[in-house]
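In the working numbering, the protein residues as written are 428 to 587.
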């Protein structure tokens with residue numbers, strides 16, 4: 428399990444770096460577009476590309492945030508429970524999260540394939556949607572794998 432966890436965490440760190448790069452590109456694009464509007468030459472498709480980059484920024488950062496336990500957790504009641512019961516609750520929540528994000532990732536892949544078949548593109552720049560949908564699906568799959576690793580860690584705590 429340790430090598431699985433290290434591999435998944437390594438991928439999540441790399442995705443987090445890509446998320447930061449997408450954010451910097453998005454900021455630069457918006458800045459340049461605002462500056463060019465002053466001379467009446469805005470960049471065509473800025474709104475679309477900002478949306479595409481925002482989807483990458485968010486989904487690529489989710490897995491790393493989960494690996495660092497950065498998501499909000501309300502533990503007022505759970506803190507009063509014994510450690511073993513806390514581990515059981517943690518594993519239950521991680522199982523639900525793993526299942527949810529695995530299904531969302533799978534459905535996103537199906538949706539991207541559908542977009543390829545119908546040839547859906549963005550209106551202003553005719554950029555295909557499917558590469559970004561596949562990227563979102565991959566980011567959510569990485570989140571599901573991080574949560575699966577959390578399941579393994581919680582189960583280990585239960586039987587400790």
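Here a beta-carbon is modelled for each residue, glycine too, at the ideal position from N, C-alpha and C.
Item: Residue 539 burial status per 10 Å Cβ neighbour count (16 or more: buried); Value: buried
Item: is_contact[residue 585, chain D] using C-beta, thresh 9 Å; Value: Going by chain labels, chain D is absent from the structure shown, which holds only one protein chain.
Item: Three-state secondary structure assigned by DSSP to residue 558; Value: helix
Item: Proximity of residue 497 and residue 577 at Cβ, strictly below 9 Å; Value: no
Item: Status (buried if at least 16 other CB within 10 Å, exposed otherwise) for residue 437; Value: exposed
Item: Residue burial classification, residue 455 (beta-carbon count within 10 angstroms, cutoff 16); Value: exposed
Item: Host alpha helix (DSSP H) of residue 533 (start-end); Value: 510 to 545
Item: Which listed residue (492, 476, 500, 463) has its alpha carbon closest to that of residue 558; Value: 476
Item: Integer Cβ distance of residue 542 from residue 442, believed to fall under 8 Å; Value: That pair is no contact at about 22 Å.
Item: Which of helix, strand or coil DSSP assigns to residue 548; Value: strand
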